[in-house]
Amino acid sequence: MDNFLDPVFLLEIFEHLIKYVPITLGLAVGTMIMSCLLALMVTILRYKKVPILGKIGDIYVLLGRALPSMILIYLAFFGIPVLLMAVSGTNKSAMLLSGIPPIAFAALGLTLHTGAYLAEIFRGALQSVNVGQTEAALSIGMTWNQAFFRIILPQAAVFATPMMANQFLNLLKGTSIAFMISVIELFGAANVLASNNNAYLEVYIVTACLYWSTSICFEKLASVLEYNLSYFKRGTSK
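Numbering (the UniProt record's numbering), first residue to last: 1 to 238.
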């Protein structure tokens, strides 16, 4: 208790934990990129109502949103090696997977979870774009892909940006559960430090400040991005 809320001690905690912020950000940003790609693929399949694949996309979204991200991480971390051993009948696959860092499985589980939510966000954003614009693009000789990627998707991105920003903030906080499979990111490092020094209050106060400041910075960036993307809205309203 000698170091209870001591500024020097808090600074030492900060200097130790700040080194793990890039790991947390890297996990969150990498997962967000993969989630966007997965969600976009699923959204296109559902939007075009592709037989079988569109239904598989519906099932994925349902399961991805229903299951906790912790379950998906555990399924990736423990389930994939077991599944590969069952398919191959040998331990070679499991041995190969043993060289993969736990953070990769954490990213996979978080991607499956976040991708399902983003797929719903993308679907809603696409529905907000007037279908007549697609018909007009097709009538002047554009292919469906050209109309989708050049006209529909850019407009849908404007509607989706605020919700994507919120989803990223949820993901940023959700990376803390990666510690459950031995990924030492910001929250994991905080747990270890607090346990070693028996200074839970001080460590978690600093950790909360780091999460808060990181979130504030991202919210500012998201606001600037949203403003720049919505130029056509401002032009329409004049």
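Think of the CB as a built atom: it goes at the ideal place given N, C-alpha and C, for glycine as much as any other residue.
Own chain, CB closer than 8 Å to residue i, minus 5 neighbours either side, in chain order
| i | result |
| --- | --- |
| Leu171 | Ala28, Thr31, Met32, Ser35, Leu110, Thr114 |
| Phe179 | Glu185, Phe187, Gly188, Asn191 |
| Ile18 | Leu210 |
| His16 | Ala189, Leu193 |
Between the CA atoms of residue j and residue i - distance to the nearest angstrom
| i | j | result |
| --- | --- | --- |
| Met164 | Leu126 | 14 Å |
| Tyr204 | Asn191 | 8 Å |
| Leu72 | Gly141 | 44 Å |
| Asn198 | Leu37 | 42 Å |
| Leu221 | Met70 | 28 Å |
| Ala76 | Ala137 | 42 Å |
| Ser176 | Phe105 | 14 Å |
| Leu229 | Pro81 | 43 Å |
| Asn196 | Val21 | 20 Å |
| Ile44 | Glu120 | 11 Å |
| residue 242 | Val87 | What is shown of the chain runs 1 to 238, which leaves residue 242 out entirely. |
| Pro7 | Leu201 | 13 Å |
| Gly79 | Ile56 | 21 Å |
| Phe218 | Asn145 | 32 Å |
| Leu25 | Tyr74 | 21 Å |
| residue 242 | Asp58 | There is no way to answer for residue 242, as the model of the chain reaches only from 1 to 238. |
| Phe159 | Thr143 | 24 Å |
| Ser237 | Ala147 | At Ser237 the pLDDT is 48, less than 50, meaning the model places this residue with poor confidence and gives no usable figure here. |
| Ala112 | Gln167 | Correcting the residue type first, residue 112 is Leu in the shown sequence and not Ala. Those two C-alpha atoms are separated by around 13 Å. |
| Ser223 | Phe149 | 23 Å |
| Glu135 | Lys49 | 17 Å |
| residue 272 | Ser139 | Look at the range of the chain in this structure, 1 to 238, and you will see that residue 272 is not part of it. |
Supposed contact pair residue j and residue i - C-beta distance, whole angstroms, cut 8 Å
| i | j | result |
| --- | --- | --- |
| Ile181 | Pro102 | 5 Å |
| Gly64 | Ala116 | 3 Å |
| Phe122 | Leu67 | Actually they do not touch by this definition, with Cβ atoms about 20 Å apart. |
| Ser215 | Leu169 | 6 Å |
Cβ-based neighbour list, residue i, same chain, cut-off 6 Å, excluding 5 preceding and 5 following
| i | result |
| --- | --- |
| Gly174 | Ser69 |
| Val183 | Pro102, Ile103, Ala106 |
| Gly54 | Leu45, Arg46 |
Proximal residues to residue i (C-beta, below 7 Å), its chain only, five neighbours per side dropped
| i | result |
| --- | --- |
| Val61 | Val42, Ala116, Ala119, Glu120 |
| Glu226 | Thr161, Pro162 |
| Gln133 | Ile151, Ile152 |
| Leu5 | Glu202 |
Any non-hydrogen atom of the ligand GDP closer than 6 Å to residue i Cβ
| i | result |
| --- | --- |
| Ile13 | In the structure shown, the ligand GDP is absent, as is every other ligand, since no ligand is present at all. |
The stretch 122-139 / the stretch 147-159 touching (three or more Cβ pairs under 8 Å):
yes
With three or more C-beta pairs closer than 8 Å as the rule, is the stretch 3-22 touching the stretch 199-217?
yes
Would you mind listing the alpha helix (DSSP H) stretches within the stretch 126-199 that are 4+ residues and don't spill past its ends, in chain order?
131-139, 144-147, 153-174, 186-197
Fully enclosed by the stretch 59-124, which alpha helix (DSSP H) runs are 4 residues long or longer?
69-74, 80-88, 92-97
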